[in-house]
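What follows is a single structure, written as C-alpha cells, with notes after it.
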Amino acid sequence: MAEPTIKDKDTYQALRRDGASKEKAARIANAKANPNMHPSKKGGEAAPYEQWSKAELYDRAKELNVEGRSKKNKNDLIRALRAR
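Residue numbers (the UniProt record's numbering): 1 to 84.
Okay, structure coming up:
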C-alpha cells in the first residue's frame, strides 16, 4: 500500500508532535490545504491518553483491533493507539 500524499507537511508534522495519529494528522493537514475546507486543529474534548487508565486504553485498543494489546503496558498501548 502506498503512503498517502500529505499536502501540508508543516501542519502534519506539528500534529504528529502534538500526539495526533498518522491518519488524523494526514486528514487534517490535507483538509487544511484545501481552500474549500476549514478544519479545526482541536478535535474532541477527550483527555490525553496519558490521563486514561490502562483499562480504558485497553478498551479503546480493542475497539480499534490493535494486535497484541493484552501484552502491552500503558505506554505501549498509548504508542499503539497514536500509531492508528
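By construction, the Cβ of each residue, glycine as well, lies at the ideal position given by its N, Cα and C atoms. These numbers come from a predicted model, not from an experiment.
1) So, using beta-carbon positions, are Tyr49 and Gly19 closer together than 9 Å?
2) Put Thr5 into one of helix, strand or coil per three-state DSSP.
3) Would Ala25 be called buried (16 or more neighbouring beta carbons within 10 Å of its own) or exposed?
4) Would you grab the beta carbon distance between Lys74 and Ala80 for me? Rounded to a whole angstrom, and I think it's under 8 Å.
5) What is the residue span of the alpha helix (DSSP H) that Lys54 lies within?
6) Does the beta-carbon of Thr11 have 16 or more other beta-carbons within 10 angstroms, so that it is buried, or is it exposed?
To lay it out plainly:
1) Between Tyr49 and Gly19, the C-beta gap is smaller than 9 Å, which places the two residues in contact.
2) It is coil, neither helix nor strand.
3) Classification for Ala25: buried.
4) The pair is not a contact, with the Cβ atoms about 11 Å apart (cut-off 8 Å).
5) For Lys54, the enclosing alpha helix (DSSP H) starts and ends at 54-63.
6) Buried is the call here.
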